[in-house]
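Working notes for the structure below.
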Amino acid sequence: MFESPGISYATIWPVLLVLGVACAGVVVEAFAPRAARFNAQVSLALAGLVAALAGTVAVGAGSGLGVSTGEGALVIDGPGVFSQGLVLLVSLGSVALFAERRLDNGVSVFAGQAAALPGTSAERTASQRGLEHTEVYPLMMFAVGGMMLFCVSGDLLMLFVALEVLSLPLYLLTGLARRRRLLSQEAALKYFLLGAFSSGIFLYGLALVYGFAGSMSLAEIGEAAAADGSSPLLLLGIGLMAVGMLFKTGAVPFHSWTPDVYQGAPTPVTAWMSAATKIAAFAAMLRLFYVAFGAEGDIWRPAIGVVAVLTMLLGASFAIVQSDVKRMLGYSAVAHTGFLLTGLLGVQTDAFGSTQAVLFYLTAYGFATLGAFAIVSLVRGPNGEVGSLDRWAGLGRTNPWVAATFAVFLLSMAGLPLTAGFIGKWGVFAAALGAGQWPVVAVAIGSSIIAIFFYVRVIMLMFFTDAREDAATVSTPSYATSVVIALSAVATVLLGVIPGPVLSLLVDAGGFIG
Amino acid sequence: MLTLLVLIPFAGALITAVMPARPKLWAFGFAIATLIAGLVTMFTAPDTDLVWMEPLGVHWALEMDGFGKLMVLLTVVLVPLVMVAAVKDHDKRWYAWALALEAFALLTFLAADLFVFYIAFEATLIPAYFMIGQHGGPNRAKAALKFLMFQLGGGLVLLGALIGFFVVSSEAGAPSYLISDLAQLDIGTTAERWIFVAMFIAFAVKAPLFPVHTWLADTTEQATTPTSVLLVCVLDKIGTFGMIRLCLGLVPEASAWATPVVIVLALISIVYGAVLAIGQDDLLRLIGLTSLSHFGLITLGIFAATREGLVGAILYMVNHGVATAAMFLIAGFLITRKGTASISSMRGLEKATPVLAGTFLIAGLATAGLPGLSQFVSEIMVLISAFDYHWLVGVIAVTAIVLAAIYVLWAYQRIFTGPAQLSRGPVRDLDRREVGVLVPLLVALFFFGFVPAPLISAASPVVEPLVNVIQAGE
Numbered sequence: 211m212f213e214s215p216g217i218s219y220a221t222i223w224p225v226l227l228v229l230g231v232a233c234a235g236v237v238v239e240a241f242a243p244r245a246a247r248f249n250a251q252v253s254l255a256l257a258g259l260v261a262a263l264a265g266t267v268a269v270g271a272g273s274g275l276g277v278s279t280g281e282g283a284l285v286i287d288g289p290g291v292f293s294q295g296l297v298l299l300v301s302l303g304s305v306a307l308f309a310e311r312r313l314d315n316g317v318s319v320f321a322g323q324a325a326a327l328p329g330t331s332a333e334r335t336a337s338q339r340g341l342e343h344t345e346v347y348p349l350m351m352f353a354v355g356g357m358m359l360f361c362v363s364g365d366l367l368m369l370f371v372a373l374e375v376l377s378l379p380l381y382l383l384t385g386l387a388r389r390r391r392l393l394s395q396e397a398a399l400k401y402f403l404l405g406a407f408s409s410g411i412f413l414y415g416l417a418l419v420y421g422f423a424g425s426m427s428l429a430e431i432g433e434a435a436a437a438d439g440s441s442p443l444l445l446l447g448i449g450l451m452a453v454g455m456l457f458k459t460g461a462v463p464f465h466s467w468t469p470d471v472y473q474g475a476p477t478p479v480t481a482w483m484s485a486a487t488k489i490a491a492f493a494a495m496l497r498l499f500y501v502a503f504g505a506e507g508d509i510w511r512p513a514i515g516v517v518a519v520l521t522m523l524l525g526a527s528f529a530i531v532q533s534d535v536k537r538m539l540g541y542s543a544v545a546h547t548g549f550l551l552t553g554l555l556g557v558q559t560d561a562f563g564s565t566q567a568v569l570f571y572l573t574a575y576g577f578a579t580l581g582a583f584a585i586v587s588l589v590r591g592p593n594g595e596v597g598s599l600d601r602w603a604g605l606g607r608t609n610p611w612v613a614a615t616f617a618v619f620l621l622s623m624a625g626l627p628l629t630a631g632f633i634g635k636w637g638v639f640a641a642a643l644g645a646g647q648w649p650v651v652a653v654a655i656g657s658s659i660i661a662i663f664f665y666v667r668v669i670m671l672m673f674f675t676d677a678r679e680d681a682a683t684v685s686t687p688s689y690a691t692s693v694v695i696a697l698s699a700v701a702t703v704l705l706g707v708i709p710g711p712v713l714s715l716l717v718d719a720g721g722f723i724g
Numbered sequence: 006m007l008t009l010l011v012l013i014p015f016a017g018a019l020i021t022a023v024m025p026a027r028p029k030l031w032a033f034g035f036a037i038a039t040l041i042a043g044l045v046t047m048f049t050a051p052d053t054d055l056v057w058m059e060p061l062g063v064h065w066a067l068e069m070d071g072f073g074k075l076m077v078l079l080t081v082v083l084v085p086l087v088m089v090a091a092v093k094d095h096d097k098r099w100y101a102w103a104l105a106l107e108a109f110a111l112l113t114f115l116a117a118d119l120f121v122f123y124i125a126f127e128a129t130l131i132p133a134y135f136m137i138g139q140h141g142g143p144n145r146a147k148a149a150l151k152f153l154m155f156q157l158g159g160g161l162v163l164l165g166a167l168i169g170f171f172v173v174s175s176e177a178g179a180p181s182y183l184i185s186d187l188a189q190l191d192i193g194t195t196a197e198r199w200i201f202v203a204m205f206i207a208f209a210v211k212a213p214l215f216p217v218h219t220w221l222a223d224t225t226e227q228a229t230t231p232t233s234v235l236l237v238c239v240l241d242k243i244g245t246f247g248m249i250r251l252c253l254g255l256v257p258e259a260s261a262w263a264t265p266v267v268i269v270l271a272l273i274s275i276v277y278g279a280v281l282a283i284g285q286d287d288l289l290r291l292i293g294l295t296s297l298s299h300f301g302l303i304t305l306g307i308f309a310a311t312r313e314g315l316v317g318a319i320l321y322m323v324n325h326g327v328a329t330a331a332m333f334l335i336a337g338f339l340i341t342r343k344g345t346a347s348i349s350s351m352r353g354l355e356k357a358t359p360v361l362a363g364t365f366l367i368a369g370l371a372t373a374g375l376p377g378l379s380q381f382v383s384e385i386m387v388l389i390s391a392f393d394y395h396w397l398v399g400v401i402a403v404t405a406i407v408l409a410a411i412y413v414l415w416a417y418q419r420i421f422t423g424p425a426q427l428s429r430g431p432v433r434d435l436d437r438r439e440v441g442v443l444v445p446l447l448v449a450l451f452f453f454g455f456v457p458a459p460l461i462s463a464a465s466p467v468v469e470p471l472v473n474v475i476q477a478g479e
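Dropping the structure here:
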């Protein structure tokens, strides 16, 4: 007999809503007249995200937490719901950045007609007619749905499906830049090819782990691993699945796509991707390693430790030599992955442990990176955004407020006290040191010093260096973008000064459950 | 109440930054208000203790003991004075940053919670960075970056110690960052030593000590003299303050373990700093390097860990703050007149500017430890403790007095004596504003030279328990 699985719709409706809005967006794209599409898509996406966010908060506050639903495919627990909420918050801010049309003569940052080859008459026609892609909103919503599923996946299949659902739209969005299209398309191709490989490797590892445990469920894998931890099938599976995860998070040696994609993608996409993807990927990674492979900590901790050390050192060192602000932030994202991996080395506790530390770090980093890239999109020259750091010189004199806000984000990423980044850094270091990982923490402190250098150098450039002739100027954005930047800055400072409520929320949320 | 003492200058910084009209006057008003608040809180200030970040065991806990009082006094007096000195060639941004710096510096001296101390310790760097970077010599941006990198590097090492305390404290039960709770912790020997090393590195960069002193001379050379006063006389004191409060206070056994190495570093700083100072042509580098020598003596007094040594070190911190502030400000006045800090391009100023020469001599001799001026008292106490520790240490440390006399008097001789440079036009003597800035400092130098008792009685109760713990350990 076949029994249909019970599904707790009360706890997963926010995910379904986001995916539903994505489908509705496709319908709008097909049937609404061109003139109405932009407004329709933006309001649909915003409304969907707001409703989903409200729903996620309700689920988190309600009594429905800690259930496993759909035959264990989805596990609605505290950390999972927290990361879902975080993904939604960041995405909500990003929609505002996606919809920004004031910076570039009334058109969005996305290519008028993606299918038109760069430099052809088709492209010129498209841009003369003021065409713009509004498919980006449904694409984004699909990815958001995937990310939300990734955060709460309780079995291997759901993990893989969610990974693909979130990845495919990202590849597409990366290639849709209106300006510097070749760079954008190159980045998209790189991202896609490497991503496809890593998905394949991940899938192979997944199959091996299934072969070992005879079950897709993370909890059951955890039990099987606790019973027999030395099976080569399992160890190989852990390694291969780790590769897939580390690719998504941008850890060395699987980081090479990060700077290219960060630079090539339209800046709002970079802002969103750098924040949201990292949140979802780390939430899934934490769950995978604690729930399924928790018993194998002695095996994976040293390996992840080595990866963390390499990631921090390489990310921070390469960021120093970058001359393009987006590439610099790309390598800085790599370094931050290293710090997050340091936090992963700790143990799950009821008090302030690894899970809480990593999730807080993601919160801090999410706001800082969203705000930083939003500001990058404002700093422009005659040919669009100015990435070259030399041309940012003197920005602190011409636009003190914008430069000061950018400085706040940089200082938070550098981990200075009274910003959210400091508490985040403190947390991941404390988690790792509590587990006796002092060599990694020592390297982390060393890398932080290197990292501070390139963040501070940008501040120095903005405030203490004289502007050049072709210096970039700051365009006035729409209110939505300004609000996103302002809120990110406020959140960055508030989380640094009074992190107590969020920390307590995380402690109350508890650990991951099987 | 103590919170208010921190909030007044902080609010002042924000208001000064946005005030369109007469921002400097506003800033000065806030500095005076802070001075008054500082004086009031010295007599009537209950400790503050509120839970700040519960999961981390962080409390907003402030208290002011005798040591804290002295440092607070030094800070709240110096800030308004340098504001008067800075009025001509600094804009409102500098004033806002100066108030922010004052707020965070006061917070470090008042913090009864290690986390709060750390936050303030790091937060002082941002105003300091902008103060160096926005006003000063042609290479100021570079100097500011060097300063910040050294300080943040030290700060991150301190972060390691901070986290170490958290780990030990949570293993022992509920985490708490209250310094009084941390002092009760039973830390294993190895962990304690690592924590000590991390804290000492951070404070050695701050103070500074050889071999992490290289930022000091570059910074004082490029920064304006009011900035240097706040950096060397207030901010650097946090380093030696931390050595006493946190190294000796929290990890006394590890401090005793490391004492030989620290003493050697202190001796090198004393002699090396003084010798370098003698060889300087840039007056501002010279004063910066004399401070390296003085911080060596302070550290020596701290780690000799006798009653005289510690009291002497605490007094030294106050007296050095006053004397060096006077030196920097006088040097600044001199440089605004001559347009250069190069000693070799000055000569025979004695006749044209007798007041300037006189104040320079008094402040200089105070720095050199002339009896009757305040620094002498503290220097002699530190030297006694050095002899107590080992006669050889004492002998080497005493050379500091000789070398100090050389760098002060030789600098005086080169700048002020000899034939006047009439061809370069007349040089004004100090005006009333400048004299007004210096008078309180010089009065303090004389007063505490003859009546050091108030300082000693403030410092003694703080020193007593530390010495008891250390002697119990031996």
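Read top to bottom, the protein sequences are chains A and B.
Taking the working numbering, the leading residue of the first sequence gets 211, the next gets one more, and so forth.
Taking the working numbering, the leading residue of the second sequence gets 6, the next gets one more, and so forth.
The C-beta atom is built at its ideal place from N, Cα and C for all residues, glycine as well.
Here the structure is a predicted model, which means the values were calculated and not measured.
Minimum length 3: unbroken beta strand (DSSP E) runs contained in the region 567–648 of chain A: The region 567–648 of chain A is shown to contain whole beta strand (DSSP E) runs of 3 or more residues at 589–591, in chain order.
Continuous alpha helix (DSSP H) stretch holding A/T487: start and end: Taking the first sequence and counting its residues from 1, the one referred to as residue 487 of chain A is at position 277. Note, A/T487: alpha helix (DSSP H), T477 to R497.
Cβ of A/M351 within 8 Å of any chain B Cβ: By one-based count along the first sequence, residue 351 of chain A stands at place 141. So no, A/M351 is outside the interface.
Residue nearest to A/W648 in terms of C-alpha spacing, selected from A/L621, A/V519 and A/L443: Position 438 of the first sequence, counted from the start, is the residue given in the question as residue 648 of chain A. When only C-alpha atoms are compared, the closest one is A/V519.
Beta-carbon gap between B/D434 and B/P359 smaller than 8 Å: Along the second sequence, one-based indexing puts residue 434 of chain B at 429. Along the second sequence, one-based indexing puts residue 359 of chain B at 354. Taking a C-beta distance under 8 Å as the contact criterion, B/D434 and B/P359 qualify as a contact pair.
Opening and closing residue of the beta strand (DSSP E) in which B/A66 lies: Along the second sequence, read from residue 1 onward, the residue named residue 66 of chain B stands at position 61. Looking at the DSSP string, the run of the beta strand (DSSP E) that includes B/A66 is V63 to L67.
Classification of B/V56 by the beta-carbon crowding that lies within 10 angstroms, buried from 16 upward: For this step, residue 56 of chain B is matched to residue 51 along the second sequence. Under a 10 Å Cβ-count criterion, B/V56 is classified as exposed, with fewer than 16 other Cβ atoms of the shown protein chains found around its own Cβ.
Cβ neighbours of B/L255 in the same chain (closer than 6 Å, five flanking residues each side left out): One-based indexing of the second sequence puts residue 255 of chain B at position 250. Cβ contact annotation for B/L255 (same chain, cutoff 6 Å, sequence separation greater than five): L187 and A188, in chain order.
Contact list for the region 43–73 of chain B against chain A, Cβ threshold 7 Å: Sequence-ordered contacts of the region 43–73 of chain B with chain A read W57, M58, E59, P60 and L61 [C-beta pairs closer than 7 Å].
Status (buried if at least 16 other CB within 10 Å, exposed otherwise) for A/E213: On the first sequence, residue 213 of chain A is found 3 positions in, with the first residue counted as 1. It is exposed - the Cβ of A/E213 has fewer than 16 other Cβ atoms within 10 Å.
B/V382, buried or exposed, once every other Cβ within 10 Å from all chains shown has been counted against 16: Start at 1 with the first residue of the second sequence, and residue 382 of chain B comes out as number 377. Per the 10 Å Cβ criterion, buried.
Cβ-Cβ distance between B/G158 and B/M204 below 8 Å: The sequence position of residue 158 of chain B within the second sequence is 153, counting from 1. The sequence position of residue 204 of chain B within the second sequence is 199, counting from 1. Cβ atoms of B/G158 and B/M204: not closer than 8 Å.
Cβ-Cβ distance between B/V87 and B/V237 below 8 Å: Here residue 87 of chain B is taken as the residue at index 82 of the second sequence, counted from 1. Here residue 237 of chain B is taken as the residue at index 232 of the second sequence, counted from 1. Not a contact, by the Cβ cut-off of 8 Å.
Cβ-based burial, A/G576 [other Cβ within 10 Å; buried from 16]: Within the first sequence, residue 576 of chain A is the residue found at index 366, counting from 1. Label assigned to A/G576: buried.
Start and end residues, beta strand (DSSP E) containing A/S278: Position 68 of the first sequence, counting from 1, holds the residue named residue 278 of chain A. Looking at the DSSP string, the run of the beta strand (DSSP E) that includes A/S278 is V277 to T279.
Minimum length 4: unbroken alpha helix (DSSP H) runs contained in the region 66–129 of chain B: With a minimum length of 4 residues, the continuous alpha helix (DSSP H) runs that stay inside the region 66–129 of chain B are 71–90, 97–115 and 119–128.
Burial state of B/L44, where buried means 16 or more other Cβ atoms lie within 10 Å: The residue you call residue 44 of chain B lines up with position 39 of the second sequence. Counting C-beta atoms within 10 angstroms of its own C-beta, B/L44 has fewer than 16 neighbours from the protein chains shown and is therefore classed as exposed.
Beta-carbon neighbours of A/A561, restricted to chain B and to distances below 9 Å: Indexing the first sequence from 1 puts residue 561 of chain A at position 351. Per Cβ cutoff of 9 Å: P60, S175, A179 and P180.
Extent of the continuous alpha helix (DSSP H) to which A/D718 belongs: Here residue 718 of chain A corresponds to residue number 508 of the first sequence, with the count starting at 1. Here the alpha helix (DSSP H) through A/D718 covers G710 to A719.
CB contact check: A/M522 to chain D, cutoff 8 Å: This model lacks chain D altogether; the protein chains it does include are A and B.
Cβ neighbour criterion (16 or more within 10 Å) applied to A/L593: Residue mapping note: residue 593 of chain A aligns to position 383 of the first sequence, counting from 1. Reading off the sequence, residue 593 of chain A comes out as Asn, not Leu. So A/N593 ends up on the exposed side.
Supposed close pair B/L408, B/A279 - CB separation, criterion 8 Å: The residue labelled residue 408 of chain B in the question sits at position 403 within the second sequence. The residue labelled residue 279 of chain B in the question sits at position 274 within the second sequence. Confirmed, Cβ separation roughly 4 Å.
Cα-Cα separation, A/R312 to A/G656: Locating residue 312 of chain A in the first sequence gives position 102, counting from the first residue. Locating residue 656 of chain A in the first sequence gives position 446, counting from the first residue. In a straight line, the C-alpha of A/R312 is about 42 Å away from that of A/G656.
Boundaries of the alpha helix (DSSP H) in which A/T702 is found, first to last residue: Here residue 702 of chain A refers to the residue found at position 492 of the first sequence. It spans Y689 to V707 - the alpha helix (DSSP H) in which A/T702 sits, taken as one unbroken run.
A/D718 versus B/I307: straight-line alpha-carbon distance, rounded: Taking the first sequence and counting its residues from 1, the one referred to as residue 718 of chain A is at position 508. Taking the second sequence and counting its residues from 1, the one referred to as residue 307 of chain B is at position 302. So the two alpha carbons sit approximately 45 Å from each other.
Whole-angstrom C-beta distance between B/P466 and B/G71, which should lie under 8 Å: Mapped onto the second sequence, residue 71 of chain B falls at position 66. Mapped onto the second sequence, residue 466 of chain B falls at position 461. Yes, B/G71 and B/P466 are in contact; Cβ-Cβ is about 5 Å, under 8 Å.
Distance CB(B/A373)-CB(B/F421) smaller than 8 Å: Taking the second sequence and counting its residues from 1, one reaches residue 373 of chain B at position 368. Taking the second sequence and counting its residues from 1, one reaches residue 421 of chain B at position 416. No, the Cβ-Cβ distance between B/A373 and B/F421 is not below 8 Å.
Span separating the alpha-carbon of B/T39 from that of B/T113: Indexing the second sequence from 1 puts residue 39 of chain B at position 34. Indexing the second sequence from 1 puts residue 113 of chain B at position 108. Rounded to whole angstroms, the gap between the alpha carbons of B/T39 and B/T113 is 15 Å.
Check whether A/V305 and A/A234 have beta carbons under 8 Å apart: What you label residue 305 of chain A is simply residue 95 of the first sequence in a count that begins at 1. What you label residue 234 of chain A is simply residue 24 of the first sequence in a count that begins at 1. Result no, Cβ atoms of A/V305 and A/A234 do not sit closer than 8 Å.
Of the listed residues B/L61, B/G244, B/E226 and B/Y412, nearest to B/A368 (C-alpha basis): Position 363 of the second sequence, counting from 1, holds the residue named residue 368 of chain B. Ranked by Cα distance from B/A368, the first of B/L61, B/G244, B/E226 and B/Y412 is B/Y412.
Those residues which DSSP pairs with B/G141 across a bridge: Position 136 of the second sequence, counted from the first residue, corresponds to residue 141 of chain B. DSSP lists B/A228 as partners of B/G141.
Extent of the continuous beta strand (DSSP E) run through A/I286: By one-based count along the first sequence, residue 286 of chain A stands at place 76. Start and end: L284 to I286.
As assigned by DSSP and simplified to three states, the class of B/D186: To locate residue 186 of chain B, count along the second sequence from 1; it is residue 181. If DSSP states are grouped into helix, strand and coil, B/D186 belongs with the helices.
Neighbourhood of A/A326 by C-beta distance below 7 Å, restricted to the same chain and skipping five residues each side: In the first sequence, counting from the first residue as 1, residue 326 of chain A sits at position 116. Answer for A/A326: A332, E333 and A336, listed in chain order.
Touch test, the region 277–287 of chain A against the region 709–723 of chain A, Cβ-Cβ under 8 Å, three pairs minimum: Yes: at least three Cβ pairs fall under 8 Å.
For A/G631 and A/A574, believed in contact at Cβ under 8 Å, the rounded distance: Here residue 574 of chain A refers to the residue found at position 364 of the first sequence. Here residue 631 of chain A refers to the residue found at position 421 of the first sequence. The Cβ separation is near 5 Å, so the contact holds.
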